[in-house]
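**Q** The structure under discussion is supplied below as structure tokens; questions concerning it will follow.
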Amino acid sequence: MIKENTNNSDEYIIIELSDTIDLHCFHPKDIKGILDEFLDNALTKRYKKVEIIHGKGKSVNKLIVHNYLKQHSRINNFFDKPGNWGTTVVILKNGE
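First residue of the sequence shown: 0, per numbering that gives the first Met the number 0; consecutive thereafter.
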């Protein structure tokens, strides 16, 4: 479960985890921390593949996501979702 603090207040949004995360509601400076928790949970649940929706726009979030994934030791591969370059498909190294 990921909690996002909105507007530096005491309010949090609780996000239930699945094999997909949509980063549209997160500030770029928070993405690495969000991905840490998302991928840790995905690996714990032994997912083989997850999808990260970062959007198309100016590709700022996509660049952050791809740079993060390049450095992650438990990532086997990642690529743009066919027909949707606003989503990255990540193949995880579960149990390898």
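For each residue, glycine too, the CB sits at the ideal point set by N, CA and C.
Can you name, in chain order, every residue of its own chain whose Cβ lies under 8 Å from the Cβ of LEU91, other than the five neighbours on each side?
**A** Counted from its first residue, the sequence shown places residue 91 at position 92. Here the set comprises LEU38, ALA41, LEU42, TYR46, LYS47, LYS48, VAL49, ARG73, ILE74 and ASN75.
**Q** By the 10 Å Cβ neighbour count, where 16 or more other Cβ atoms means buried, how is ASN83 classified, buried or exposed?
**A** Reading the sequence shown from its first residue, position 84 is the one you call residue 83. With fewer than 16 Cβ atoms within 10 Å of its Cβ, ASN83 is classed as exposed.
**Q** Could you pull out every residue in the same chain whose Cβ sits closer than 8 Å to the Cβ of LYS31, ignoring the five residues on either side in sequence?
**A** Here residue 31 refers to the residue found at position 32 when the sequence shown is read from its first residue. Excluding positions up to five away in sequence, the list reads ILE63 and TYR67.
**Q** Give me the Cα-Cα distance between ILE1 and SER17, rounded to the nearest whole angstrom.
**A** To locate residue 1, count along the sequence shown from 1; it is residue 2. To locate residue 17, count along the sequence shown from 1; it is residue 18. Confidence at ILE1 is low in this model, with a pLDDT of 49, below 50, so the placement of that residue should be treated as unreliable; the coordinate-derived value is given next. So the two alpha carbons sit approximately 11 Å from each other.
**Q** Specify the secondary structure class of ASN60 as computed by DSSP and reduced to three states.
**A** To locate residue 60, count along the sequence shown from 1; it is residue 61. Looking at ASN60 - three-state DSSP - the assignment turns out to be helix.
**Q** Can you find the residues in the same chain that come closer than 6 Å, C-beta to C-beta, to LEU34, ignoring five residues on each side of it along the sequence?
**A** Translated into positions along the sequence shown, residue 34 becomes position 35. Counting only Cβ-Cβ distances below 6 Å, and skipping sequence neighbours, we find TYR67.
**Q** Within the region 26-55, note down every full alpha helix (DSSP H) run reaching 4 residues or more, in order along the chain.
**A** Entirely contained in the region 26-55, the alpha helix (DSSP H) runs reaching 4 residues are, in chain order, 30-43.
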